[in-house]
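Student:
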Amino acid sequence: MSTIWVVLIAIAALVAGVALGFFIARKYMMNYLKKNPPINEQMLRTLMMQMGQKPSQKKINQMMRAMNNQNQSGK
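Shown next, in the form of structure tokens:
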């Protein structure tokens, strides 16, 4: 009878640890990506120049706004 309790407690602790670890890692990554966005205006300008386009500030602002809107709707 006591081995069943030990096994049940071990399984419950494992499930709780996995769930807690998942949420902590998720929160950490959300904060990291908010502080260090994956792409910025300089990267976008370089990318457009590599594709052979002459990027105007208006076009860069438009693309950054579109990416930010997409990130906001994805949440």
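So that you can map any letter, position 3 of the sequence shown is 3 in full-length UniProt numbering, and since no number is skipped, the others follow by simple counting. Using N, Cα and C, we set each Cβ at its ideal position, and we do this for glycine too. From a predicted model like this one, the values you see are computed outputs, not experimental measurements.
Mind checking whether residue 67 and residue 41 have CB atoms under 8 Å apart?
Tutor: No, these two residues do not count as a Cβ contact at 8 Å.
Student: Would you tell me roughly how many angstroms separate the C-alpha atoms of residue 37 and residue 51, rounded to the nearest one?
Tutor: Approximately 22 Å between the Cα atoms of the pair.
Student: Taking the continuous alpha helix (DSSP H) assigned at residue 40, which residues delimit it?
Tutor: Run containing residue 40: none; DSSP gives neither H nor E here.
Student: Alpha carbon to alpha carbon, how far is residue 39 from residue 13?
Tutor: 39 Å
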